[in-house]
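Here the sequence shown stands for residues 0 to 396, numbered as in numbering that gives the first Met the number 0.
Ideal Cβ placement from N, Cα and C applies to all residues, glycine included.
Working notes, structure below.
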Amino acid sequence: MFVLASTGTQRARINPHLADDVAPLVGWLSLPVLLVAPLTRSDAALGHFVRIVPVAIGLVLAGRAVAYKAIRDTRSQGFIHERTVIVGAGQLGVKAARTLLDHPEFGLVPVGFLDSVLDEDLPVPIIGEVSEVAAIVQRYEISRLIVAFGATREPQMVPLIRACDRLPVEVHVMPRFFELGVAYEGAFSDDLWGIPLMRLRRSALRTTAWRTKRIFDLVITSLLLVVAAPVLAAAALAVKATSRGPVLFRQARIGQRGEIFECVKFRTLEVNDDSHTTWSVAADGRRTRVGAYLRRTGIDELPQLLNVLKGEMSLVGPRPERPFFVDKFRVAVPGYEDRHRVPQGITGWAQVHGLRGDTSIEQRAVFDNHYVENWSLWRDIVILCRTIGSVLFGAGR
């Protein structure tokens with residue numbers, strides 16, 4: 000049950016077919032078999048176990064077939080239905096709407112289209128424009144969103160679909176050129192009476208696994224503070240003894256959902272009042288000798304562990320930026336604002352690829368949004384390990 004749940008094979012599909020699930024189910028069910036078999040205490044027990052395995056797998060497949068039949072029947076009778084909106088009233092969008100109306104066993108009830116065309120001769124009305132997608136989802140209590148494109152260009156669709164991240168809606172996309180056989184097949188694919196659909200991965204913020212990120216942050220941060228306590232104490236004494244001013248440097252940064260918080264570091268420059276508008280201090284003559292070393296080794300970032308404990312930051316995430324520059328980048332850099340969907344981090348996917356300091360903001364936004372869309376706890380662990388490696392071997396700064 001754990002393997003099936005963690006691999007997503009129990010997720011409800013629009014048009015479930017047992018034939019599509021036999022191969023992946025048998026493959027995933029073989030994993031617990033391989034794990035349990037070595038634990039048998041005797042050859043007789045192993046033989047008994049081997050005889051039970053095909054029976055158990057057969058029962059799972061039979062149960063899945065019965066469940067699929069029950070799902071189709073209850074949908075057809077109207078006991079289960081999900082309000083659906085179609086983005087794009089073009090040829091494919093109209094075909095999808097008519098298919099849903101003709102096949103109630105899919106359980107999707109088309110409420111309307113989102114587009115800027117007239118709603119003449121359409122099977123369901125135009126209920127708004129694409130730019131209103133988030134508001135429409137809430138107003139009409141939409142459960143499914145089918146993106147069939149239309150008059151809106153794909154780059155313009157990305158921020159609009161991302162606006163639904165925090166809403167309880169599943170998003171499906173019709174792949175381009177599916178007539179040529181290039182449609183994706185797998186756990187995230189579905190079929191709408193011959194029209195392939197690809198379900199977008201759920202936003203990290205809406206997954207159960209995301210809750211473990213905060214627990215992970217608290218546990219690892221607490222351990223790091225204990226282990227690094229001597230280093231923190233030595234760095235504080237060095238900063239205090241070699242220059243005038245406070246040990247910690249405090250600066251306003253933009254965090255998750257655009258909220259402002261006070262980020263803390265060890266002070267590495269002489270006291271100044273232009274830090275909120277100065278982009279790079281790589282060649283700044285005001286850097287202290289101790290500060291240069293702290294920056295080179297990354298020790299200056301360690302006080303941000305306190306920000307992580309307070310919940311203002313995460314160990315891993317897009318790096319937080321100052322309000323002055325966020326205001327500039329959100330206008331000039333496509334997708335920059337989208338990186339604030341998650342807590343900002345001490346290190347991130349962009350940083351382990353060398354995008355730190357005076358590097359391309361456009362590329363950082365691409366890497367940060369890729370991290371958000373494809374987040375996993377394992378990826379956080381990989382990023383932390385790569386960060387530690389870059390600091391230890393001097394490749395990161």
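When rounded, the separation of the alpha-carbon atoms in I141 and F324 is 36 Å.
Taking a 10 Å sphere around the C-beta of W278, we find fewer than 16 other C-beta atoms and assign the residue as exposed. Here the C-alpha atom of M156 lies approximately 14 Å from the C-alpha atom of A88. The stretch 254-274 and the stretch 282-292 touch, with no fewer than 3 CB-CB distances between them shorter than 8 Å.
Inter-residue distance for A22 and L60 is about 11 Å (C-alpha atoms, whole angstroms).
Under the rule that a run must span 4 or more residues, the alpha helix (DSSP H) segments found entirely inside the stretch 228-281 read 228-241.
An exposed status is given to W377, since fewer than 16 other beta-carbon atoms sit within 10 Å of its beta-carbon.
Counting along the chain, I382 sits inside no beta strand (DSSP E); it lies in the alpha helix (DSSP H) bounded by residues L376 to L391. Looking at the backbone, the Cα of T73 and that of A134 are separated by about 30 Å. Secondary structure at D101: helix, using DSSP grouped into helix, strand and coil. Going by DSSP, R82 is part of the beta strand (DSSP E) stretching over E81 to V86.
Residues of the same chain with a CB within less than 7 Å of the CB of L354, apart from the 5 flanking positions on each side, are Q362, R363 and F366 in chain order.
Residue environment: P122 is assigned as buried (16 or more neighbouring CB atoms within 10 Å of its CB, all protein chains considered). Annotation note: the stretch 122-147 contains the following uninterrupted beta strand (DSSP E) runs of length 3 or greater, listed N- to C-terminal: 125-127 and 143-146.
Between V146 and V86, the CB-CB gap stays under 8 Å. Residue burial is scored here from C-beta neighbours: V371 has at least 16 other C-beta atoms within 10 angstroms and is therefore classed as buried. Following the DSSP letters along the chain, one finds D189 in no alpha helix (DSSP H) but inside the beta strand (DSSP E) bounded by residues S188 to L191.
Taking a C-beta distance under 8 Å as the contact criterion, V390 and G297 qualify as a contact pair. E153 is classed as exposed because its beta carbon has fewer than 16 other beta carbons within 10 Å across all chains shown. Distance between A162 and S29, taken at the CA atoms: about 39 Å. S359 has no beta-bridge partner at all, per DSSP. Under the three-state reduction of DSSP output, H16 falls in the coil class, being neither helix nor strand.
V330 is classed as exposed because its beta carbon has fewer than 16 other beta carbons within 10 Å across all chains shown. I382 sits close to T346, with the two beta carbons spaced by under 8 Å. A distance below 8 Å between beta-carbons, with the five flanking residues on each side excluded, links A64 to the following residues of its chain, in chain order: L17. With distances taken between CA atoms, W348 lies nearest to D379 out of D379, S188 and R340.
Burial state of E300 is buried, judged by a 10 Å Cβ sphere holding 16 or more other Cβ atoms. Non-local C-beta neighbours of F215 in its own chain, meaning closer than 8 Å and more than five positions away in sequence, comprise L314, L376 and D379, ordered along the chain. Across the set V52, P319, K327 and L191, the C-alpha of P319 shows the shortest separation from the C-alpha of R338. Looking at the DSSP output, M197 bridges to V172 and S188.
By the criterion of a C-beta distance shorter than 8 Å, N373 is surrounded in its chain by R200, once the five residues flanking it on both sides are discounted. Under DSSP, V315 forms a beta bridge with T346. DSSP places L113 in the strand class (E or B) of the three-state scheme.
DSSP places R285 outside both helix and strand once states are collapsed to three, so it counts as coil.
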